[in-house]
Structure formats: structure tokens, C-alpha cells
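A.B. asks:
Protein chains: 2
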Amino acid sequence: MKISTKGRYGLRIMTDLAVNGADCCVSLKDIAEREHLSEKYLEQIINLLSKEGLVKSVRGAKGGYHLTRPPEEITVESILKATEGSLAPVACAEDNGKCENYCDCVTSFIWTQIYEATLSVVSRITLRDLAERSIATEKSGLECIKK
Amino acid sequence: MKISTKGRYGLRIMTDLAVNGADCCVSLKDIAEREHLSEKYLEQIINLLSKEGLVKSVRGAKGGYHLTRPPEEITVESILKATEGSLAPVACAEDNGKCENYCDCVTSFIWTQIYEATLSVVSRITLRDLAERSIATEKSGLECIKK
DNA sequence: AAGAATTCCTACTTTAATGGTAGTATATCA
DNA sequence: TGATATACTACCATTAAAGTAGGAATTCTT
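Read top to bottom, the protein sequences are chains A and B. When we follow the working numbering, the leftmost residue of the first sequence carries the number 15, and every step to the right adds one. When we follow the working numbering, the leftmost residue of the second sequence carries the number 15, and every step to the right adds one.
(1) Going by DSSP in three states, residue 89 of chain A sits in which element: helix, strand or coil?
(2) Restricting to Cα atoms, I'd like to know which of B:98, B:95, B:125 is closest to residue 109 of chain B.
(3) With burial defined as no fewer than 16 other Cβ atoms inside 10 Å of the residue's Cβ, what is the status of residue 84 of chain B: buried or exposed?
(4) Kindly provide the ranges of any alpha helix (DSSP H) runs that are 4 or more residues long and lie completely inside the segment 47–98 of chain B, ordered along the chain.
(5) Would you kindly report the start and end of the unbroken alpha helix (DSSP H) that includes residue 136 of chain B?
(6) Mind reading off the beta-carbon distance from residue 66 of chain A to residue 96 of chain A? Whole number of angstroms is fine, and I expect it under 8 Å.
(7) So, using beta-carbon positions, are residue 98 of chain B and residue 148 of chain B closer together than 8 Å?
(8) Rounded to a whole number of angstroms, what is the C-alpha to C-alpha distance between residue 72 of chain B and residue 102 of chain B?
(9) Is the beta carbon of residue 135 of chain A closer than 8 Å to that of residue 128 of chain B?
(10) Can you give me the C-alpha to C-alpha distance between residue 52 of chain B and residue 46 of chain B, rounded to a whole angstrom?
(11) For chain B, is any of its Cβ atoms less than 8 Å away from the one on residue 85 of chain A?
(12) Residue 144 of chain B touches chain A at which residues, Cβ-Cβ below 9 Å?
(13) Have a look at A:49, A:38, A:40, A:64 and flag the residue whose alpha-carbon is nearest the alpha-carbon of residue 22 of chain A.
(14) For residue 40 of chain B, which of helix, strand or coil comes out of DSSP?
(15) Comparing C-alpha positions only, which one of A:119, A:145, A:120 sits nearest to residue 121 of chain B?
(16) Who pairs with residue 140 of chain A in a beta bridge, going by DSSP?
(17) To which residues of the same chain is residue 35 of chain A closer than 7 Å at the C-beta, ignoring the five residues directly before and after it?
(18) Between A:150, A:88, A:94, A:119, which lies nearest to residue 142 of chain A when the distance is taken from Cα to Cα?
(19) Kindly indicate which three-state DSSP category residue 24 of chain A falls into: helix, strand or coil?
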């Protein structure tokens, strides 16, 4: 039941784009430096975001990435779905307990409820919320060791 | 964000004990046969449940395992915690956003909310609910391919 | 036209977790 | 004493996670 680095870094990439992407393009190099993450690894992750249409890439010098929509229209759900895959705790939870390959009939209602509870959290939070927090944290000068 | 077989099988073991453990001991062999799972693998899992005090073992012939408390006093939360470990989506979510090694400050509130939402689901459901469903499903003769 | 910056694409690597299997020792009942 | 169980330890195969590496293609700048 853990969120992987793809999901976590994905949120950081998107937040970075929301905060620093005012004038079009932000390069992965810049993001990697600011976030202290490997540029090459971020490349993989931003590809996932790109495939889902959450970011757009611009090739060549002065190129980079930018959001395709305003931050308030991008939910944490869509970012995590793009990077983590489904947030369902078991595969069949998405089909509301229906299952083809297997079925823990007795437990399916648990997974459905967890899934829905999770969705209700991440569908309410948008990238704008994260961007605002990011700016506020920066201003406060709060130290935060990132990994 | 997936529940592993340990958590899923753990629930099935416990449900089996709740349904079939009226007269003291149920052997792993019986559970493995009924649930179509490997006895040896279940051994590992039931050890986790045993360590947490959810089941008690009786060695030797006619031995086996039994619940230590009535099913209505055993939550799904305690079973999943014993078998899966923490249900927090990231390590720091348990400490309410406090972190020692790392901290995605901007996102910690997301993880906390997911964690709490998940807990509120699994803390409300007890083994009794599962046992009742199991008995009902059996009576209805519903076919369910288990894996 | 050249060179620098940048994404795009493919492949590889390392490490840890998952999902088991196997064998033997130990305890208990009949 | 023998059959039946759990207890304990070790091993193994497969997959996923996390990251690295190198070069091709594209575009801006000079």
C-alpha cells in the first residue's frame, strides 16, 4: 500500500512546473537541480505525464515542458493515475467488485470502499493547492530535507 | 498502492477461522485445502497474525490455530496491519507529516488524508462482518473462482 | 552553417520485494 | 511409538522499483 517514487516525483515535477512555468518552458535539467533528483529518471516520469496529456514538451534549445491546463484544473488524482497507475488496492476494485480472474467475494467491498475513499481525497486536491503550499513553504524559509 | 497476497490471504485465514473454528483448533492443512492455497505459504502468514496476538497456536496432533478474541472484536485494520505492515501510503504519513529522513512537505497532507480515509474504512469493518458474508455466500451457492 | 541545448528513444543494471518451496526440529495426542 | 501439527530456518524464482547510460532527433542562437 505504498506510493512509489514515480507518484511522489510526479507530483513534484508538476508542482515545479506550476510554480516555475510561467513563461512557457521549464527544462528537466532545471527541475532536476531544484528538486535534487536525477534528470534521467525524471525523464521517464515526465513521459508518463506527457502520454496522459498533462504536460506538453517543446524540443530543442530553450525547449522544455509546460502544463497543458491551468493548475486548478489538474487534480492530484490525474497525476497519480498517470504515474502510479490505478490507485485501486486490488485490481477488481475498479470494477466495483466484479472480477474475471479471481474474486475475494467476501472482501471485495473492503477494497471498493478503500478505493473510493482514496479517490475522494485525491480528486478534491488540485495542482493549484500544491503550488500555493510550495510558494508558502518557500517564503517561510522552512528547511526541508528532500530525498 | 496495492494490497499484497499476505493481506488478502490473511483475511481469508482469519475468516476461515471465524467460520470453522467453533471447536477450538483448525489446522493449516484444512485451511489450505478449503482456500486452495499453499499450506507452507499460509504458515508464514499466520505467523504474522500469531505474533500480533490475533491467533493462538496449539502444537501437536489435533492442534492448529484459533482466534484469541471473538470475531466482532477483531478489525480488518488489525489483520491488515499484522500482515501488510502499515497501511500508510508513505512512511511519514503515520507521524502526521513529521519526517526525519525526508519530507515532501508540500504533499504530506495528501498522504495523511489518504491514510486516515483508509483507516476509517478498515477500522469499522470487523471479522464478524466477513464471517457473516462468507456464510451467506456459501449458502447462496455462488460460484467464485479464487486465486 | 555550426554548435549548444534539449527532448526522444531504447536498452541496461542493480536492488529489494513478492510469492512461494523445502527440510528438519519440536511438541502433542492417541 | 507413530501420526499429526506447528516452529524455525533457509533457499529460490520472478517481478517491480529505482535509476543509469548513450546516442538520435530537434530547435534555438550566433
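We put the beta carbon where it would ideally sit given N, CA and C, even for glycine. Small disclaimer: the values here were computed from a predicted structure and weren't measured.
C.D. replies: Looking at the atomic coordinates:
(1) strand
(2) B:125
(3) So residue 84 of chain B ends up on the exposed side.
(4) 53–65, 90–98
(5) 122–136
(6) 4 Å
(7) no
(8) 33 Å
(9) yes
(10) 6 Å
(11) With 8 Å as the cut-off, residue 85 of chain A does not count as an interface residue toward chain B.
(12) 120, 121, 124
(13) A:49
(14) strand
(15) A:145
(16) A:89
(17) 80, 81
(18) A:88
(19) helix
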